[in-house]
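Here's the structure, in structure tokens; my notes come after.
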Amino acid sequence: MVTWESKETECDVYGKCGVFGIFNPKNSPICSCLSGYEPKSTEEWIRGNWTSGCVRKTPLQCQRTNGSIEERANILL
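Each step along the sequence shown adds one to the number in my numbering, with nothing skipped, and position 15 is 29.
Here is the structure:
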């Protein structure tokens with residue numbers, strides 16, 4: 015016996031809006047980013063491909079420094 019199922023709605027597709035994305039079928043477009051985030055690839059989002067998700071608008075403080083973890087640890091000592 016072979017069984018086949020189709021997706022009932024867009025909501026059934028895993029990862030439709032990507033990382034840090036919000037799916038809402040009542041909105042247009044159906045995907046948006048969490049507050050403080052923006053689309054990782056604006057071009058893909060314009061085309062309706064939201065799978066690349068969202069990234070932070072402002073990097074975390076630990077992401078702003080160029081030094082290694084060891085260099086930052088020595089500064090704190």
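Positions of the beta carbon are idealized from the N, C-alpha and C atoms, including for glycine.
message: Going by C-alpha to C-alpha distance, which of 16, 63, 28 and 36 sits closest to residue 50?
response: 36
- prompt: DSSP state of residue 23, grouped into three classes?
  reply: coil
message: Rounded to the nearest angstrom, what separates residue 48 and residue 16 at their Cα positions?
response: 40 Å
message: On a Cα-Cα basis, can you pick out the residue from 55, 63, 56 and 57 that is closest to residue 29?
response: 63
message: In whole angstroms, give me the CA-to-CA distance for residue 75 and residue 41.
response: 33 Å
message: With the cut-off set at 8 Å, would you say residue 67 and residue 33 are in Cβ contact?
response: yes
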